[in-house]
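Okay, so here's the structure we're looking at.
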Amino acid sequence: MTTNSSTSKEYPVVCFQNGQNPRADRRPLIRETPLSVHIDGRPFLDTTRTPVNDELLAIGILFAQGAISTVAEIDSIQVLTGTENAEKGDLVKDAMHLTLAKTSSTAKPPAETGEGQKSGLERTIKSPRNETFSFRKLAQLPQIMTAHQELYASSRAAHAVGIFNWKGELLSCQEDASRTHALHKALGFCLKHHVARQQTIAVFSGRINNAIALTIVRAGFPLVLSISAPTDSAVDILSRAGVTYIGSLRDHRGVLYTPGKEFITITP
140 MTTNSSTSKE YPVVCFQNGQ NPRADRRPLI RETPLSVHID GRPFLDTTRT
190 PVNDELLAIG ILFAQGAIST VAEIDSIQVL TGTENAEKGD LVKDAMHLTL
240 AKTSSTAKPP AETGEGQKSG LERTIKSPRN ETFSFRKLAQ LPQIMTAHQE
290 LYASSRAAHA VGIFNWKGEL LSCQEDASRT HALHKALGFC LKHHVARQQT
340 IAVFSGRINN AIALTIVRAG FPLVLSISAP TDSAVDILSR AGVTYIGSLR
390 DHRGVLYTPG KEFITITP
């Protein structure tokens, strides 16, 4: 992905540093623009996102919400920019129109995260695992991901989710101003390219919270890393679902929040 005017915009700023005289400059800021999602002609979701990889975003959102299980259930995706979607010359939000296959279930608007969504977690991923990973090698993955974060490099404001295979090879790095939408795009990549999610490592630049943890469980990622620390409810969800999770991963240090025999073995 190459940063351009669709993903960032320069603003005039004044920089202060170490008591020196203020310096006028221009800095790129990551764009966050409104998007209205419609499924089969009905409003589904209003959100904001960084306008790149919208198709992957749509696939990930629909999967996370349980509207689809595979990309084959989507007949078409059409994105209209604000200009193309304007009425009477007025600029309005971008619009995404999706048509689902007739065999798909009726998509319902997203519901708020609640205890009901946590039920049945024990039946999702949890199973005995024989895989063993070296913490030393896992600790290198965030650095590999960061090297591919073009939006973050230019704006310092983009979240990212990297998908790695068992060998530690980066398959995809997806960025967005939203942590949740970075995950949706990464999930959309996996679905579109038929990546075996049960044999991948998902690396997050930001904090993992309740909603993100639930999406991780639905996606079936067995091993998750994050540079930031998690929330307590996120750890509870991941632990109950059998997801091996290492957080606070920086400077070759990290915390295994899911120790136990039923999880993937992590060695020094």
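Residue numbers (the working numbering): 140 to 407. We put the beta carbon where it would ideally sit given N, CA and C, even for glycine.
With a Cβ-Cβ cutoff of 9 Å, do residue i and residue j count as a contact?
i, j, result
"SER157", "LYS324", "For the record, residue 157 in the displayed sequence is Asn; it is not Ser. Their beta carbons are not under 9 Å apart, which means ASN157 does not touch LYS324 by this criterion."
"ILE302", "THR339", "yes"
"THR209", "THR187", "no"
"THR385", "VAL363", "A small correction: the amino acid at residue 385 is Ile; Thr does not occupy that position in the sequence shown. Result yes, Cβ atoms of ILE385 and VAL363 sit closer than 9 Å."
"GLY393", "LEU277", "yes"
"GLY327", "ALA197", "yes"
"VAL148", "PRO167", "The identity of residue 148 in the sequence shown is Lys, whereas the question assumes Val. Yes, Cβ-Cβ distance for LYS148 and PRO167 is below 9 Å."
"VAL300", "SER344", "yes"
"ILE405", "PRO361", "no"
"LEU377", "ALA352", "yes"
"SER365", "VAL342", "yes"
"SER294", "ILE216", "no"
"VAL218", "ALA203", "no"
Would you mind sorting residue i into buried or exposed? The rule is 16 or more other CB atoms within 10 Å of its CB.
i, result
"VAL382", "buried"
"VAL374", "buried"
"GLN159", "exposed"
"VAL137", "This structure cannot settle anything about residue 137, because the visible part of the chain is limited to 140 through 407."
"PRO182", "exposed"
"HIS332", "exposed"
"ASP214", "exposed"
"ASP315", "buried"
Out of the options, which has the shortest C-alpha to C-alpha gap to residue i?
i, options, result
"ARG346", "CYS329, ARG336, ASP371, GLY359", "ASP371"
"ARG165", "CYS154, GLN159, GLU171, ALA350", "CYS154"
"ILE207", "ALA358, VAL218, PRO167", "ALA358"
"LEU322", "GLU308, ASN348, ASN304", "ASN348"
"GLN313", "THR397, MET284, SER294, LEU201", "MET284"
"THR220", "ALA350, PRO190, GLY307", "PRO190"
"ARG389", "ARG275, THR397, LYS306, SER215", "ARG275"
"PRO281", "ILE213, SER311, LEU239", "SER311"
"LEU174", "LEU237, GLU212, ASP214", "LEU237"
"ARG318", "LEU395, GLY199, PRO398, ASP179", "GLY199"
"THR271", "PHE202, LYS306, ASP179, LEU377", "LYS306"
"ARG379", "PRO398, ALA296, ARG295", "PRO398"
What residue range is occupied by the uninterrupted alpha helix (DSSP H) comprising residue i?
i, result
"PRO161", "Run containing PRO161: none; DSSP gives neither H nor E here."
"TYR291", "289 to 294"
"GLN282", "280 to 285"
"ASP193", "193 to 203"
"PHE328", "318 to 331"
"LYS148", "Taken as a continuous stretch (DSSP letters only), LYS148 belongs to no alpha helix (DSSP H), being part of the beta strand (DSSP E) at 147 to 154."
"PHE274", "274 to 277"
"ASP371", "371 to 380"
Determine, for residue i, whether the minimum Cβ-Cβ distance to residues of chain C falls below 9 Å.
i, result
"GLN338", "The question asks about chain C, but that chain is absent: this structure has only one protein chain."
So the beta strand (DSSP E) residue i belongs to, where does it begin and stop?
i, result
"GLN313", "309 to 315"
"ASN304", "298 to 304"
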